[in-house]
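Have a look at this one:
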C-alpha cells in the first residue's frame, strides 16, 4: 500500500469500525448506573451519587430522541472523529509508523473498544472528552492554520476539558495537563515564557469557568437542589479505608462511641467481610454494616484520621492491595470487564420504557470478550505500560513534531489519573481507567503520522 492509499484507507477503516460499534451496541449497553443517570436526566432529580453533568447530557439527548441512541452517537464521535482527523494527515515514512497504525486498528477492533464505546458509562464519556481536548490542542500546533481555525481548535479544547472535569470527580487533571501542553506549544513557537504562561493560565481559568457555568446551569434546571457528589464519595472511601486498615492489623481506637469489646468484634468482622477488590464486600457482614451505618460523617472522618496517624503502614498495605486489584487483578472476571444488556432499578426501568435483558448480539459480543479475559487486553497495567512507552518515545524526540506536546500531555494525564486510584479506588472495575487505552489510541494515531520534512526543519531543537 502506497502513502496515498494509506491516506484514505486508515481513516476509512476507523470510520467503518465506528459504524460497526454503533450497529452492534445501539441504542447502548446500560448498567445499573447508566439507568439511574438516564432517569436523573429525564426527571431532573439528581441523587448526588454521580457528578450531575453526565445525567444532564443524557437528559438533553433523551429530550430530543427518547433513549440513549443519540447520546451514544455523540459520545462515540468524541473518540472516533479525532482519530479520523489525526489519521487524515498520516504520512507513514518508516516501519514504526506502519506498526503504530496496525496496532491502532487492532485495538479498535478488540472487544475492549468495540464494547466500551457502545456502553453508556461516564468513564467512557470522560475518556472520549479527554481525547477530543488534546486532539484539538494537537491540531492547534500544526503549521499553516488560519487564525480562525486556531481559535476554533482552542475553543474545542477548552470546552472538552471543561466537560471532562465535570464528568469525573478527579477529572481536573485534564484541564491542568492541557494548560501545561499549551504552554509548551506556545514556547515552541519562540514566544516568551511569560506570554506562554499567561495564555496557559487563561486556558485553565476558561476551562474551570465553563465547568462551573455548566454545573450552575444543571443546578438551576434541576427539580430540586443537588447534593454534592463529594459528600457521597468521601464517606465511602473513608469507610473502606477504616475497614481495610483494621483488616490489615490496625486496631480500632476505643472511644465513647466505640467500647473496647465492640472494637474487638469490629476487628473480627473486618477480617471476615473485607476484600480489596470491592467496597461492597463489606456489606456481606451484618455486624460491619451496623457499625458503619452508625458512624456519622464527622465521627467517621475523625476515626479515619486517627487510625491513619496511628497505623499508616496498615493504610498503605490496604491501599496497595486495592490498587493491585485495579491495575493487575488476579481474576479480571471479578472486575466487571464488560457489561452487556440492560439492567437497573425496576421502577426506573419501567418509567423509562426500557427492555431489560440481553439480546442475541450482546451474547455474541460477550463470547468475543470472554475469549480475551485471560489475556492482557483487560488488564489496566497493560495500557499503563503502553502509555508509558509511547510517552517515552515522544519525550525522547523532545516533542519536536507539532502535536507531540499535546499527545505527551494526554498520556501523562492518563497515567496520573490512573495513579489517583491508589488513593481513592473503591473497586477494581476495568472501566474506571478507560482513559488509559483511549489515550493510547490517540497517541498511536498521532505517532503513525510521519512528520513532513518541513515540520521537522521548523521544529524547535
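In this note's numbering, the protein residues as written are 1 to 461. Ideal Cβ placement from N, Cα and C applies to all residues, glycine included.
Here residue 225 is exposed: its Cβ has fewer than 16 other Cβ atoms, across all protein chains shown, within 10 Å. In the DSSP assignment, residue 370 falls within the unbroken alpha helix (DSSP H) covering 360-370.
Judged by DSSP in its simplified three-state form, residue 29 adopts strand. For the pair residue 161 and residue 406, the CB atoms are not nearer than the 9 angstroms cut-off.
The DSSP-derived three-state label of residue 119 is strand.
DSSP places residue 357 within a strand segment (E or B) once states are collapsed to three. The way I'd put it, the stretch 388-401 doesn't touch the stretch 344-363; fewer than three beta-carbon pairs between them come closer than 8 angstroms.
Residue environment analysis places residue 37 among the buried positions, since at least 16 neighbouring C-beta atoms fall within 10 angstroms of its C-beta. Bounds of any alpha helix (DSSP H) do not take in residue 284, whose DSSP letter is neither H nor E. The beta carbon of residue 172 is closer than 6 angstroms to those of 165 in its chain, skipping five residues each way along the sequence. Per the Cβ contact rule, the stretch 241-254 is not in contact with the stretch 190-201 (fewer than 3 Cβ pairs under 8 angstroms). With distances taken between CA atoms, residue 386 lies nearest to 444 out of 299, 149, 354 and 444. CA-to-CA, the gap between residue 204 and residue 159 works out to about 11 angstroms. By the CB criterion at 9 angstroms, residue 415 and residue 384 fall inside the cutoff. Scanning 359, 326 and 106 for the CA closest to the CA of residue 341 turns up 359.
Contact between the stretch 323-341 and the stretch 264-271 is absent: fewer than three C-beta pairs spanning the two stretches fall below 8 angstroms. Counting only the Cα atoms, residue 69 lies some 19 angstroms from residue 338. Note that the C-beta distance between residue 181 and residue 134 is below 9 angstroms. Taken atom to atom, the span from the alpha-carbon of residue 107 to that of residue 289 is near 42 angstroms.
DSSP places residue 62 inside the alpha helix (DSSP H), whose first and last residues are 52-64. When C-alpha distances from residue 39 are compared across 232, 23 and 353, the shortest belongs to 353.
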